[in-house]
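*Asks:* So the sequence shown is residues -19 to -1, 1 to 118, counted in mature numbering (1 follows the signal peptide of the UniProt record, and there is no 0).
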Amino acid sequence: MQFTLAALLSLSATTLAAAIPRSTTGSWDVSVTRAGYANGYKSTTVSATYTNDNIAEGITSTCTSVFNPAASPSASESCDNESFSYTYEDDVITLTQTVQLDEVTTVSGSAPLTLTLGSTGRSSSGSATVEATTAVA
């Protein structure tokens, strides 16, 4: 029995593809940074990069919330991607984003994320990978 190199490579690729699980709904690499100061100023920045098998380069979204007692209004929130949102409560981050899979789909997922206090005691940060566990078209 003789195999050509092309046939062997094709068989190897097929076997390898079957052995590697594919993420169809994707995941985010997310980081959270918080800062607070004696004058009451507080800020939170959430940056998340969503990837899946079809979006390897990723979609990065950054949201910032600021409380500045010296400003009017004192609270502000902004996100550079209106299809992205998050909640962060009790050391759990939940992310939701509308992306193009086979069709326009809203994906979401949650993961534990604990912030570690920085050396100055004024800031804390943490990061996690959040798997998209639900997808609604």
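We treat Cβ as the ideally placed atom computed from N, Cα and C, and that holds for glycine.
With a threshold of 16 other CB atoms inside 10 Å of the CB of S8, please say whether the residue is buried or exposed.
*Replies:* When all chains shown are included, S8 counts as buried.
*Asks:* Along the chain, where does the beta strand (DSSP E) containing E70 start, and where does it finish?
*Replies:* Note, E70: beta strand (DSSP E), 65 to 70.
*Asks:* Let's see if you can read the secondary structure: which residues bound the beta strand (DSSP E) around D10?
*Replies:* Element bounds for D10: 8 to 17.
*Asks:* Classify E84 as helix, strand or coil using the three-state DSSP reduction.
*Replies:* DSSP places E84 in coil when its eight states are reduced to three.
*Asks:* Considering only the alpha carbon of each residue, which of T75, E63, G102 lies closest to R15?
*Replies:* Closest by alpha carbon: G102.
*Asks:* Quick one: residues in its chain with C-beta nearer than 7 angstroms to the C-beta of S64, no 5 flanking neighbours on either side, listed in chain order?
*Replies:* The answer, listed in chain order, is Q78, T79.
*Asks:* Our contact map puts P93 next to V73 with C-beta atoms below 8 angstroms; I'd like the distance itself, whole angstroms only.
*Replies:* So it is a contact: roughly 6 angstroms between Cβ atoms.
*Asks:* Go to T115, then tell me how far its beta strand (DSSP E) extends in each direction, as first and last residue.
*Replies:* Per DSSP, T115 belongs to the beta strand (DSSP E) from 115 to 117.
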